[in-house]
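If you number the sequence shown the way the working numbering does, the last residue is 794 and the count never jumps. Glycine is no exception: its CB is placed at the ideal position from the N, C-alpha and C atoms.
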Amino acid sequence: MKTWHYALIVFLGGCCYGVLSTFVKLAYSAGFTVKEVTGSQFILGTLLIWVVALFSKKKKLTLPNIGKLLLAGIPVGLTGVFYYQSLQTLDASLAIIFLFQFVWIGTFIEWIVYKKIPSTGKMASIGILIIGSILAAGIITDGGIELSLKGTVWGLLSAISYTAFIFLSSSVGEDTPPVQKSALMSTGGLITVLLVFQPTNLLHLSVMIGVAPYGLFLGLLGVALPPLLFSIGMKHVGPSLGTILTASELPIAVILSAMVLAENVSLSQWFGVVLILGGIVAANVKWPKTQMKSTSLESKSMLQE
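Shown next, in the form of C-alpha cells:
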C-alpha cells in the first residue's frame, strides 16, 4: 500500500474515537453508569476482536512479547476510564477538546524522546488544529463556559493516555499481525478496566442485556477497531503525523452531536471543523522540493548558455 493509504487508515481510527462521546452520553441518559458502560464496551469489544483473530493470520509469540502487548493495552483501557469519567461532568464538546490535546502532546514527546524537532509545516498544522478545536467546541460563541475541575483533570489524563496509546501502537509488536496485536492490546485494556472499575453490576443478566447494545457498538468503535487500524497504519506514518491524523475525532464528534443529540452547532463551530480538516490535509501535503530544485537548476543552465 502507498503511504496515503496508511494515513487514511489512521485517520479512520481517529474517526472511531469521535463517535464514542455521543453514544456514551446516550447510554448515560438511558440510566447506565460509567462502570457499566465502560465494562460492557471492553468486554464485548475484546470478544469481537478475538473472534476475528481466530480466523486471521497469527504468529507464535514468546511470553515476553505477549506481556509487552498486554502492557501496551493499558493506555487503551485508561483512555476509556479517564475519558468516560470526564463525560460525567463535562459536555461532550468540552470533553473531546481535552482529549484533543494529545495533538501537541504527541509532537512534544517525540521531540523530547526521539530528539525529532518538528518541522515548520507541522507546527503550523498543529496551530491550525488548536484554533480549529477552540472554534469547533463553541467556547468563543458560548460567551464563557463553566468548567468542572474534576472533569478537566479526567479529560487531560485521557489526552496523556491516548498519546501513550498512539506511540505504543507504532513501536510495540511491529512484526505481529495487526489483528493478533489488536486482540492482545484490547485484552490488556480489558484487564485494566476490570481492575479499575470492577463492574460487578454486569453480572446481573438484566443489566448486561440492557447495556449490551451500547457496549457492542462502543466496543467495536472504541476497543476493536482503533488498535487494529493503528497497528496497520501507525508504524508507516509515525507517531507525530499519526497524532495529527487522529485529530479527525473532533469533527466527527461535532457532526454527530448535531445529528444524533440534536445539539445546536453554530457557523463558527462548522468553520472550526473545516479548519481541523484543513490542518490534517496540510500536515500530509508533501511539496515537490526536488522537482523545484531541478527546475531551478535547468533554468540556471539555460541562462548560462
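Practice task
Closer than 6 Å by C-beta to SER785: which residues in its own chain qualify, once you throw out the five before and the five after it? Chain order, please.
Solution key: Along the sequence shown, one-based indexing puts residue 785 at 296. Reliability of the predicted coordinates at SER785 is poor, the pLDDT of 43 falling under 50, and no value is obtained from them.
Practice task
Below 7 Å CB to CB, which residues in the same chain sit around TRP643 once its five sequence neighbours on both sides are set aside?
Solution key: Residue 643 sits at position 154 when you count from the first residue of the sequence shown. PHE571, GLN574, SER575.
Handout entry: Alpha-carbon to alpha-carbon, ALA584 and TRP776
Key = One-based indexing of the sequence shown puts residue 776 at position 287. One-based indexing of the sequence shown puts residue 584 at position 95. Residue placement at TRP776 cannot be trusted, given a pLDDT of 48 that sits under 50; the coordinates are not used to answer.
Handout entry: Bounding residues of the alpha helix (DSSP H) (the contiguous stretch that carries ASN690)
Key = Locating residue 690 in the sequence shown gives position 201, counting from the first residue. No alpha helix (DSSP H) holds ASN690; DSSP gives it neither H nor E.
Problem - DSSP state of PRO666 mapped onto helix, strand, coil - result: On the sequence shown, position 177 is the one that residue 666 refers to. Coil.
Problem - Cutoff 6 Å; reference ILE700; Cβ partners in own chain excluding five residues on either side - result: Within the sequence shown, numbered from 1, the residue matching residue 700 stands at position 211. Rather than Ile, the amino acid found at residue 700 in this sequence is Val. These residues qualify, in order along the chain: PHE521, GLU525, SER529.
Handout entry: Whole-angstrom C-beta distance between THR578 and GLY677, which should lie under 8 Å
Key = Residue 677 sits at position 188 when you count from the first residue of the sequence shown. Residue 578 sits at position 89 when you count from the first residue of the sequence shown. The pair is not a contact, with the Cβ atoms about 27 Å apart (cut-off 8 Å).
Exercise for the section: In angstroms with no decimal places, state the Cα-to-Cα distance between ALA519 and LEU692. Expected result: Here residue 519 refers to the residue found at position 30 when the sequence shown is read from its first residue. Here residue 692 refers to the residue found at position 203 when the sequence shown is read from its first residue. If I take the Cα positions, the gap works out to 19 Å.
Practice task
Could you please give the first and the last residue of the uninterrupted alpha helix (DSSP H) stretch that includes ILE585?
Solution key: Taking the sequence shown and counting its residues from 1, one reaches residue 585 at position 96. Per DSSP, ILE585 belongs to the alpha helix (DSSP H) from 581–588.
Exercise for the section: Please say whether THR535 and LEU710 have beta carbons closer to each other than 8 Å? Expected result: On the sequence shown, position 221 is the one that residue 710 refers to. On the sequence shown, position 46 is the one that residue 535 refers to. Taking 8 Å as the Cβ cut-off, LEU710 and THR535 do not qualify as a contacting pair.
Practice task
Please determine, among THR596, LEU515, VAL565, SER737, the residue with the shortest C-alpha to C-alpha distance to LEU730.
Solution key: Taking the sequence shown and counting its residues from 1, one reaches residue 730 at position 241. For the residues THR596, LEU515, VAL565, SER737, the minimum Cα distance to LEU730 belongs to THR596.
Handout entry: Cutoff 7 Å; reference THR551; Cβ partners in own chain excluding five residues on either side
Key = Along the sequence shown, one-based indexing puts residue 551 at 62. By the criterion of a C-beta distance shorter than 7 Å, THR551 is surrounded by no residue of its chain, once the five residues flanking it on both sides are discounted.
Handout entry: Proximity below 8 Å, CB of SER510 to CB of ALA751
Key = In the sequence shown, counting from the first residue as 1, residue 510 sits at position 21. In the sequence shown, counting from the first residue as 1, residue 751 sits at position 262. It is not a contact, given that the beta carbons lie outside the stated cut-off.
Problem - Contact the segment 754–762 vs the segment 602–615: 3+ CB pairs below 8 Å - result: no
Practice task
For GLU738, name the three-state secondary structure that DSSP assigns.
Solution key: Taking the first residue of the sequence shown as 1, we reach residue 738 at position 249. It is helical.
Handout entry: Proximal residues to GLN669 (C-beta, below 6 Å), its chain only, five neighbours per side dropped
Key = Along the sequence shown, read from residue 1 onward, the residue named residue 669 stands at position 180. The residues are ALA542, LYS547.
Handout entry: Beta-carbon contacts of GLU738 that lie in its chain and below 6 Å, excluding the five residues immediately before and after
Key = Sequence index remark: in the sequence shown, residue 738 carries index 249 (1-based). Answer for GLU738: GLY503, TYR506, GLY507, listed in chain order.
Exercise for the section: Helix, strand or coil for THR535, going by three-state DSSP, please let me know. Expected result: Residue numbering aside, residue 535 sits at position 46 when the sequence shown is read from its first letter. In the structure shown, THR535 sits in a helix (DSSP, three-state: H, G or I).
Exercise for the section: Go ahead and label THR689 buried or exposed: buried means 16 or more other beta carbons lie within 10 angstroms of its beta carbon, across all protein chains shown. Expected result: Position 200 of the sequence shown, counting from 1, holds the residue named residue 689. By the 10 Å Cβ count, THR689 comes out exposed.
Problem - Host alpha helix (DSSP H) of THR551 (start-end) - result: Residue 551 sits at position 62 when you count from the first residue of the sequence shown. Annotation for THR551: no alpha helix (DSSP H) segment contains it, and DSSP assigns it neither H nor E.
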